[in-house]
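Okay, structure first, notes after.
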Amino acid sequence: MSKMKGAIVVNTDRCKGCQLCKVACPKNVIDIAQKKVNAHGYPFVEPANAELCIGCAACAMVCPDGCITVYRKKVEE
Numbered sequence: 017m018s019k020m021k022g023a024i025v026v027n028t029d030r031c032k033g034c035q036l037c038k039v040a041c042p043k044n045v046i047d048i049a050q051k052k053v054n055a056h057g058y059p060f061v062e063p064a065n066a067e068l069c070i071g072c073a074a075c076a077m078v079c080p081d082g083c084i085t086v087y088r089k090k091v092e093e
């Protein structure tokens with residue numbers, strides 16, 4: 017049986033740090049970057065627990081600025 021493995025890429029220059037993606041993530045993959053801000057002065061989100069990502073794309077769907085790209089692949093066990 018195969019399992020889905022996901023990965024997210026955050027466009028940190030566009031992220032405003034609203035954290036809607038953090039709330040939407042069922043696996044708690046996303047967290048706010050500690051002591052980092054982007055070029056516009058906003059704290060941004062980043063994948064903190066990337067190995068837990070299942071590629072559900074809930075984070076990308078709720079992002080109001082379209083900052084998150086989700087990749088999925090099948091992993092054989």
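Straight run, no breaks: the sequence shown in the numbering used here ends on number 93. Ideal placement from N, C-alpha and C gives every residue a C-beta, glycine not left out. Note that the structure is a prediction, hence the values are computed from the model and not measured.
### Message
Bridge partners for residue 86 per DSSP, in chain order?
### Response
24
### Query
In the structure shown, what three-state DSSP assignment does residue 39 receive?
helix
#### Entry: Sub-8 Å separation of residue 84 and residue 37 beta-carbons
yes
### Task
Rank 91, 92, 62, 73 by C-alpha distance to the C-alpha of residue 29 and give the top, closest one.
62
#### Entry: Beta-carbon gap between residue 41 and residue 75 smaller than 8 Å
yes
### Closest by C-alpha distance to residue 54, when choosing among 27, 77, 68, 67
Comparing Cα-Cα distances from residue 54 to each of 27, 77, 68, 67, the minimum goes to 27.
### Query
If you draw a straight line from the alpha carbon of residue 92 to that of residue 64, how long is it in whole angstroms?
24 Å
### Task
Compare the beta carbon distance of residue 58 and residue 82 with 8 Å and say whether it is the shorter of the two.
no
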